[in-house]
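Enquirer: Dropping the structure in here first, questions after.
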Amino acid sequence: MLWILVLFVWSVFGGLLFSAIEGGNDRTLLLQEFRRQKDIWDKRPSFQDEIFQRFRNVENDLDNYAAKRGLGPDEAGKALVREALEWYEEKMGITITEPVMEDTKWDIFGGIYYSASLYTTIGYGNYFPQTTTGRIVSMLYAFVGIPLVFTILLDWGFLYFTWIEYFWNHMNQKFCRSRMARDNERKIRNERVRRVGSELSLRSTSTMPLLSVHTANRELVNNTDHHIESNKPLQALDVVLSEQEQIKTVPLKSALIFFIMWICFSAWVVRLWEYDWTYFTAFYFFFTSLTTIGLGDVVTKSPKFIMFQLFMTLVGLSVVGLSIAIIQSKVRLVFDRLIRSIDAQYRIKQIDQNVATMSIITDEYEGIKRLCDSQPLQDRLVFIAMDEHKMSMLRERWRQKSRMVNRITQTYPSKADKFVQTGNRVYDQPNVGEEGEWESEYSYDDEEGSEEDSEGGELDELGRRVPPSRKYIYTIFD
């Protein structure tokens, strides 16, 4: 509903804009034409009187005219009448020329031109069928041709994306190494923040700080307000960016740059056979063609060069496929980041459910929305283009993680201290039962059982209940 309202407002804005620009010019042209016709209408009686007077003078001027031209009386009379009629037609603005038999425009080149305007959905309007059979065949032809062309354009777009991505990465590695290093450092800092959860999301849902997050500090993971009972310092695990994160992705504006450059090149080429076009006219023609607008006010007059023009048009239209390929690559990247953010929220929930966003917001729709709002602006814009399948996967991930109950956050002090001293993660270690048997990595209970355990406090080394003062083990998330 929001987008429909935006479209309505945009339509009203376009109506006001174009009526202001073209309305004044159109009124000027209409006024000029009105004045011309009004002037002819006002002078028409005088022109009629003049031609009537000439007809009356034919008999008086006949002898004189015949003697000068060497004509007979009948021929001289017809010549005088013909001159009077031509004078009247000229004064009335009537132009009559000798007709010339022209060839049909529906030759092989004209047919290809019309076919291209069908399956590219441009529809210039200067070629159109006038027979019922032609209209029926046009609909059937377009029904098959449009999907075929869209398939080709998408394939070409992904091929262009492969070339541009290779060139982009090569140029970055060769000329922008220092900038790529700075970008990777920034991504590592953002990744550390992401792995401990969304700072903005936590601030908006709880007043209890989990970690003192400083994105500008490289030793982010060591700056906490909590302490671990251990004789050895906790060693930070290195954050290793994925290969997809390390590569600088192709920006979406590259498709726009390619589109504009191709229009400029095509406008220069088409002027080789369209001599009477200015460069702006050629640019305007290709812009309306590649955007499939096809107004028809400017059309090519040389259909014999349609094959060259068709090739340039198809290459320009494939920019749509290029844009889709770039957007898909960014959607995959943002999807992976959100998955890691959800996992980070689950780890926060393992540490303290009182400050975990996942514990406070159990609804997956609101959770994903809150998580997305805390992402950078570019990621939020890409999130809008994410397909419903990936959206459902994110919501399902949030739903599964929010319903999990993990008991390892309340563990034996000796066991926790042992794992912390080695720099390992507590929740990655297998559990040891009372009889020395290894248990599964995670232990899940239902909601009632988890509430009983949390209310009863934790156990000491002898298995006795102790007061519910909790000791949390903060480790490095990966």
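Just so we're aligned: the sequence shown equals residues -23 to -1, 1 to 455 in mature numbering (1 follows the signal peptide of the UniProt record, and there is no 0). Each residue gets a CB set at the ideal place from its N, CA and C atoms; glycine is no exception.
1. What first and last residue would you give for the alpha helix (DSSP H) that runs through Asn37?
2. Name the two residues that bound the continuous alpha helix (DSSP H) containing Lys367.
3. Using the rule of at least 16 other Cβ atoms within 10 Å of the residue's Cβ for burial, across every protein chain shown, is Ala362 buried or exposed?
4. Less than 8 Å between the C-beta atoms of Lys367 and Tyr323, yes or no?
5. Rounded to whole angstroms, what is the Cα-Cα separation between Val260 and Leu6?
6. Is DSSP giving Gln107 helix, strand or coil here?
7. How many whole angstroms separate the CB atoms of Thr98 and Ile123, which I take to be in contact at a CB cut-off of 8 Å?
8. Would Glu341 and Arg314 qualify as a contact pair, given that the criterion is a beta-carbon distance under 8 Å?
9. Which term fits Phe288, buried or exposed, when burial requires 16 or more other beta carbons within 10 angstroms of its beta carbon?
10. Tell me which residues share the same chain as Val409 and place their Cβ nearer than 6 Å to its Cβ, disregarding the 5 neighbours each side in the sequence.
11. For the alpha helix (DSSP H) holding Pro50, just list the boundary residues, first then last.
12. Distance, Cα to Cα, Gly(-1) vs Asp38?
13. On the three-pair Cβ rule with 8 Å, is the region 300 to 319 touching the region 249 to 264?
14. Taking the alpha carbon of Val296 as the reference point, which residue from Pro353, Glu52, Leu229 has its own alpha carbon closest?
15. What residue from Leu299, Lys307, Phe264, Gln305 has the CA that sits closest to Gln286's CA?
16. Rounded to whole angstroms, what is the Cα-Cα separation between His203 and Phe(-16)?
17. Please return the same chain residues whose Cβ sits closer than 8 Å to the Cβ of Ile236, not counting the five positions on each side in sequence.
18. Can you tell me where the alpha helix (DSSP H) with Glu341 in it begins and where it stops?
19. Starting from the C-beta of Ala61, find all residues in its chain whose C-beta is less than 6 Å away, skip the five residues before and the five after it, and write them out in chain order.
20. Roughly how many angstroms separate the alpha carbons of Leu(-7) and Phe257, rounded to a whole number?
21. Just to confirm before moving on: does the CB-CB distance between Phe135 and Ala302 stay below 8 Å?
22. Return helix, strand or coil for Glu251, following the three-state DSSP convention.
23. Helix, strand or coil, according to DSSP, for Ile73 in the structure here?
24. Classify Leu299 as buried or exposed, calling it buried when 16 or more other Cβ atoms lie within 10 Å of its own Cβ.
25. Under a three-way DSSP split, which group does Ile99 fall into?
26. Quick one, are the C-beta atoms of Pro280 and Tyr90 less than 8 Å apart?
27. Report all residues from its chain with a CB closer than 7 Å to the CB of Ser115; omit the five preceding and five following residues, and keep chain order.
28. Between which two residues does the alpha helix (DSSP H) carrying Gln289 extend?
29. Counting C-beta neighbours from all protein chains within 10 Å, is the total for residue 477 16 or more, i.e. buried, or is it exposed?
30. Could you tell me the boundaries of the alpha helix (DSSP H) in which Thr265 lies?
31. State the start and end residues of the unbroken alpha helix (DSSP H) segment that holds Val359.
32. Here's the rule: buried if 16 or more other CB atoms are within 10 angstroms of the residue's CB, otherwise exposed. What is Tyr143?
Expert: The structure says:
1. 35 to 46
2. Looking at the DSSP string, the run of the alpha helix (DSSP H) that includes Lys367 is 365 to 380.
3. exposed
4. no
5. It is Phe, not Val, that sits at residue 260 in the sequence shown. Near 25 Å, if we compare the C-alpha coordinates of Leu6 and Phe260.
6. In this structure, DSSP gives Gln107 a state outside helix and strand, which the three-state scheme calls coil.
7. Between Thr98 and Ile123, the beta carbon gap of about 6 Å places them in contact (Cβ cut-off 8 Å).
8. no
9. exposed
10. Below a pLDDT of 50, predicted positions are generally treated as unreliable, and Val409, at 46, falls in that range; the measurement from the model is reported next regardless. Correct list: empty, nothing qualifies.
11. 50 to 69
12. 53 Å
13. no
14. Leu229
15. Phe264
16. With a pLDDT of 41 at His203, under the threshold of 50, the modelled position of that residue is not reliable, and the figure given next carries that caveat. Those two C-alpha atoms are separated by around 55 Å.
17. At residue 236 the sequence reads Phe, which differs from the Ile that was named. If we look at Phe236 and ignore the five residues flanking it on each side, its Cβ neighbours are Leu267, Gly293, Val296.
18. Per DSSP, the unbroken alpha helix (DSSP H) holding Glu341 starts and ends at 341 to 350.
19. Around Ala61: Ile28, Arg31.
20. 21 Å
21. For the 8 Å CB-CB criterion, Phe135 and Ala302 form a contact.
22. coil
23. coil
24. buried
25. In this structure, DSSP gives Ile99 a state outside helix and strand, which the three-state scheme calls coil.
26. Taking 8 Å as the Cβ cut-off, Pro280 and Tyr90 qualify as a contacting pair.
27. Once the five neighbours on either side are set aside, the close Cβ partners of Ser115 are Leu95, Pro106.
28. The identity of residue 289 in the sequence shown is Met, whereas the question assumes Gln. Unbroken alpha helix (DSSP H) run through Met289: 283 to 294.
29. Residue 477 lies beyond the range of the chain shown here (-23 to 455); nothing can be said about it.
30. Counting along the chain, the alpha helix (DSSP H) containing Thr265 begins and ends at 256 to 267.
31. Element bounds for Val359: 354 to 361.
32. exposed
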